[in-house]
Amino acid sequence: MFRIEAAELFVVRLPLKFRFETSFGVQTEKVVPLLILKGEGLEGVAEGVMELAPMYREETIAGALHLLRDVFLPRVLGRTFANPEAVNDALGTFRGNRMARAMVEMAAWDLWARTLGVPLGSLLGGRKTEVEVGVSLGIQADEAATVETVRQHVAQGYRRIKLKIKPGWDVQPVRAVRETFADIRLTVDANSAYTLADTVRLRALDDYNLTYIEQPLAWDDLVDHAELQRRLKTPLCLDESVASAQDARKGLALGSGGVVNIKVGRVGGHAEARRVHDVAQAFGAPVWCGGMLESGIGRAHNIHLSTLPGFTLPGDTSSASRYWETDVIHEALEAEDGLMPVPAGPGTGVTLNREFVTRVAELHEERRA
């Protein structure tokens, strides 16, 4: 049992150390919403993965803040819960808005784990003390720049290289990288930039021994992905189009892909992420943990989720120092030779750098029962 007595909301803006281009556009900073749930003298912290504009999926930071203030937090503040699943149940009458709900659920998992004095990953059923990680590389200026960026990250030991692609920038960078690095584990991510009319272009990627092609078609589609998968040899990986375990079951049953990217914030929290993991295992489909340019709070949650046994492909939880001059946590989350240590200690094992967060916050609110 644990009690949620109060909550804090922060919104901070963190500049990225590099220009990150995808099929959506160019990103040079990340706006990070943080939720702290307090109880019994402890705090559980979660990070929202929604964005200012509905580019990745339909949720936005403004919408999430409204729901947290006026709908979700009033349902949980001042209450005692048996476990985080019960917190989920308290929000169960509301449809969609999984990213906003995930903030409450994930903070509850962290708080519960801290009250029990055990690591979050252990409560989820994980056993690993380190997880394999890859790196996600944005669209570069040209092929030479792409090859050089890949070279740098291969030298750092990352165990999977993912290239962002879009129509007009797909076969060229993949060919250049594969000609230079014949044996690396290589994937591409389209972020929904293609349609079935691009089948010939996507089929050309079959020649480059990719582990998978991630989310080539529409963000809310499973049917066309199944048709495309029938036309390709390379496995498709579902990302945006899987918002629940039911979506995963339908997609795998339809043959929409053979790999699932699990983002805990996208699917509504750890409990649903674990259910997606279990569905994928039942279908024999490997899963991996995707990233949303999270700060250290979200990154720590992702690392703990990745300790589950079905996470057999390297995830996106690369070293935090790639992204930020100063992170929102005290601990350094750094990979070595493609392995990220699981933060030790209760809950996520990381602590909020409250002095830094308070100093740079664009919004700070407190809520009590």
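Taking the numbering used here, the leading residue of the sequence shown gets 1030, the next gets one more, and so forth. C-beta atoms are modelled at their ideal positions from N, C-alpha and C, and glycine is treated no differently. The model shown is predicted, which means the values in this text are computed figures rather than measured ones.
Whole-angstrom C-beta distance between residue j and residue i, which should lie under 8 angstroms
{"i": "A1333", "j": "G1150", "result": "The sequence given here places His at residue 1333; Ala does not occur at that position. Sure, about 4 angstroms apart at Cβ, within 8 angstroms."}
{"i": "A1302", "j": "S1052", "result": "Contact flag wrong, Cβ pair sits at about 25 angstroms."}
{"i": "T1175", "j": "L1071", "result": "Contact doesn't hold; Cβ gap of about 46 angstroms is too wide."}
{"i": "F1039", "j": "H1330", "result": "In fact, because the Cβ distance is near 16 angstroms, the residues do not count as touching under 8 angstroms."}
{"i": "H1254", "j": "S1221", "result": "Incorrect: roughly 10 angstroms between the Cβ atoms, too far for contact."}
{"i": "V1308", "j": "R1278", "result": "5 angstroms"}
Residue i - DSSP class collapsed to helix/strand/coil
{"i": "N1290", "result": "strand"}
{"i": "K1059", "result": "strand"}
{"i": "S1151", "result": "helix"}
{"i": "K1195", "result": "strand"}
{"i": "E999", "result": "It is not possible to answer for residue 999, since the shown part of the chain is limited to 1030 through 1398."}
{"i": "T1355", "result": "coil"}
{"i": "G1378", "result": "coil"}
{"i": "F1039", "result": "strand"}
{"i": "T1346", "result": "coil"}
{"i": "F1110", "result": "strand"}
{"i": "G1280", "result": "helix"}
{"i": "G1441", "result": "This structure does not reach residue 1441, given that the chain is present from 1030 up to 1398, and the question cannot be answered."}
{"i": "A1129", "result": "helix"}
{"i": "W1248", "result": "coil"}
{"i": "E1034", "result": "coil"}
{"i": "R1124", "result": "coil"}
{"i": "P1103", "result": "helix"}
{"i": "D1366", "result": "coil"}
{"i": "P1202", "result": "helix"}
Alpha-carbon to alpha-carbon, residue j and residue i
{"i": "Q1310", "j": "E1384", "result": "42 angstroms"}
{"i": "N1112", "j": "L1152", "result": "11 angstroms"}
{"i": "I1065", "j": "V1386", "result": "12 angstroms"}
{"i": "E1087", "j": "S1335", "result": "25 angstroms"}
{"i": "T1240", "j": "V1288", "result": "9 angstroms"}
{"i": "L1267", "j": "H1306", "result": "13 angstroms"}
{"i": "M1135", "j": "E1208", "result": "42 angstroms"}
{"i": "Q1181", "j": "D1199", "result": "20 angstroms"}
{"i": "R1295", "j": "A1131", "result": "8 angstroms"}
{"i": "Q1201", "j": "E1172", "result": "7 angstroms"}
{"i": "E975", "j": "C1318", "result": "There is simply no residue 975 to check, as the chain begins at 1030 and stops at 1398 in what is shown."}
{"i": "G1374", "j": "G1186", "result": "26 angstroms"}
{"i": "G1297", "j": "G1121", "result": "11 angstroms"}
{"i": "R1042", "j": "K1292", "result": "21 angstroms"}
{"i": "D1250", "j": "D1236", "result": "25 angstroms"}
{"i": "A1361", "j": "D1276", "result": "35 angstroms"}
{"i": "Y1352", "j": "T1158", "result": "23 angstroms"}
{"i": "G1073", "j": "N1126", "result": "21 angstroms"}
{"i": "V1183", "j": "E1395", "result": "44 angstroms"}
{"i": "E1080", "j": "V1060", "result": "7 angstroms"}
{"i": "A1364", "j": "T1380", "result": "18 angstroms"}
{"i": "R1304", "j": "L1096", "result": "25 angstroms"}
{"i": "E1354", "j": "L1283", "result": "44 angstroms"}
{"i": "A1142", "j": "P1148", "result": "6 angstroms"}
{"i": "F1110", "j": "V1179", "result": "47 angstroms"}
{"i": "H1137", "j": "V1116", "result": "In the sequence under discussion, the amino acid at residue 1137 is Ala, which differs from the His named in the question. Roughly 7 angstroms between the two C-alpha positions."}
{"i": "V1316", "j": "R1232", "result": "23 angstroms"}
{"i": "E1391", "j": "F1340", "result": "36 angstroms"}
Cβ of residue i within 8 angstroms of any chain D Cβ
{"i": "L1106", "result": "Absent here is chain D; the protein component of the structure consists of one chain."}
Check whether residue i and residue j have beta carbons under 8 angstroms apart
{"i": "F1031", "j": "G1068", "result": "yes"}
{"i": "M1369", "j": "V1078", "result": "no"}
{"i": "S1165", "j": "G1320", "result": "yes"}
{"i": "E1062", "j": "E1076", "result": "Sequence check: residue 1062 is Pro here, not Glu. A contact, by the Cβ cut-off of 8 angstroms."}
{"i": "L1234", "j": "V1206", "result": "no"}
{"i": "L1281", "j": "A1247", "result": "no"}
{"i": "L1337", "j": "G1154", "result": "yes"}
{"i": "E1037", "j": "L1045", "result": "no"}
{"i": "R1397", "j": "A1082", "result": "no"}
{"i": "G1325", "j": "V1371", "result": "no"}
Closer than 7 angstroms: residue i CB and nearest the ligand SAH heavy atom
{"i": "V1074", "result": "Absent from the structure shown: the ligand SAH. Ligands present: none."}
**Prompt:** Do the region 1096–1113 and the region 1267–1276 meet, that is, are 3 or more Cβ pairs less than 8 angstroms apart?
**Reply:** These segments do not touch.
**Message:** Contact between the region 1251–1265 and the region 1090–1100 is defined here as three or more beta-carbon pairs at a separation below 8 angstroms; is this criterion met?
**Reply:** Short answer: they don't touch.
**Item:** Given 8 angstroms, three or more beta-carbon pairs between the region 1175–1192 and the region 1337–1351
**Value:** Segment contact: the region 1175–1192 against the region 1337–1351, three or more CB-CB distances shorter than 8 angstroms; contact assigned.
**Request:** Evaluate the contact criterion for the region 1225–1233 versus the region 1206–1214: three or more CB pairs, one atom per stretch, below 8 angstroms.
**Result:** No: the two stretches stay apart, fewer than three of their Cβ pairs being nearer than 8 angstroms.
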